[in-house]
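Presented below is the structure to which this report refers.
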Amino acid sequence: MPEEKLLFVEKELKRWKRPESPKLGTALVFIGGKKPVVVYEGERGPTQGELLWGKYNTFYEVDMGDRSLELEEKLPFADGLEFRAKVELTYAVSDPALIVNDRITDAGQLKKQAIKVMRRTSREYTYEQIGEAENIIAAIIKDEVREKGFKPIISAFVEISGDKEISQIKKIV
Numbered sequence: 057m058p059e060e061k062l063l064f065v066e067k068e069l070k071r072w073k074r075p076e077s078p079k080l081g082t083a084l085v086f087i088g089g090k091k092p093v094v095v096y097e098g099e100r101g102p103t104q105g106e107l108l109w110g111k112y113n114t115f116y117e118v119d120m121g122d123r124s125l126e127l128e129e130k131l132p133f134a135d136g137l138e139f140r141a142k143v144e145l146t147y148a149v150s151d152p153a154l155i156v157n158d159r160i161t162d163a164g165q166l167k168k169q170a171i172k173v174m175r176r177t178s179r180e181y182t183y184e185q186i187g188e189a190e191n192i193i194a195a196i197i198k199d200e201v202r203e204k205g206f207k208p209i210i211s212a213f214v215e216i217s218g219d220k221e222i223s224q225i226k227k228i229v
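Here's what the structure looks like:
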């Protein structure tokens with residue numbers, strides 16, 4: 057599996073050197089003292105005066121580009137059976153200040169939250185409700201992604217499958 061590129065990089069702010077304007081597909085998030093967090097996107101960066109009077113000492117370069125998340129996990133269902141779930145999601149940062157404040161550095165943290173939500177939700181459904189479970193889990197993952205400061209670019213795709221033996225047992229019963 058290729059190494060995941062970090063969502064943001066912390067950079068030290070030099071007192072008399074103004075950082076370059078944000079590159080295409082990035083945002084700059086400035087944090088310092090008791091000042092409010094300031095975000096710059098597009099071609100506009102902070103002015104020298106904003107840096108001097110703002111008392112900012114740190115800034116973060118946040119990658120706003122599209123990213124992919126794929127995961128496979130075994131999920132428990134209400135009838136005691138376990139199924140494999142595969143999730144595919146394309147997303148991007150929508151709230152760079154929230155990403156920096158929550159210290160969400162990579163997709164690993166997003167995966168952990170998605171797995172937790174999937175496992176909790178799957179326990180409410182049985183084998184016969186797999187289709188409904190897929191739709192509900194996809195919607196919940198989409199909501200979780202938004203709450204964490206991301207935006208889904210393509211809707212979450214969730215596929216739940218079981219072993220052929222389980223399918224055969226259920227058909228017999």
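Counting the sequence shown from 1 gives a position; this note's numbering is that position plus 56. Ideal Cβ positions, reconstructed from N, Cα and C, are used throughout, including at glycine.
- Look at the beta carbons and you see the stretch 165-183 touching the stretch 119-135: at least three pairs across the two are nearer than 8 Å.
- Residue environment for T103: exposed (fewer than 16 other C-beta atoms within 10 angstroms of its C-beta).
- Less than 8 Å separates the beta-carbon of A194 from that of V214.
- The beta-bridge partner set that DSSP reports for K67 consists of F115.
- Here R123 is bridged, per DSSP, to Y147.
- Close CB contacts of I210 within its chain, under the 7 Å cut and outside five residues either way in sequence, are with T146 (chain order).
- The residue among L107, A148, A153 and T177 with its C-alpha nearest the C-alpha of L166 is A148.
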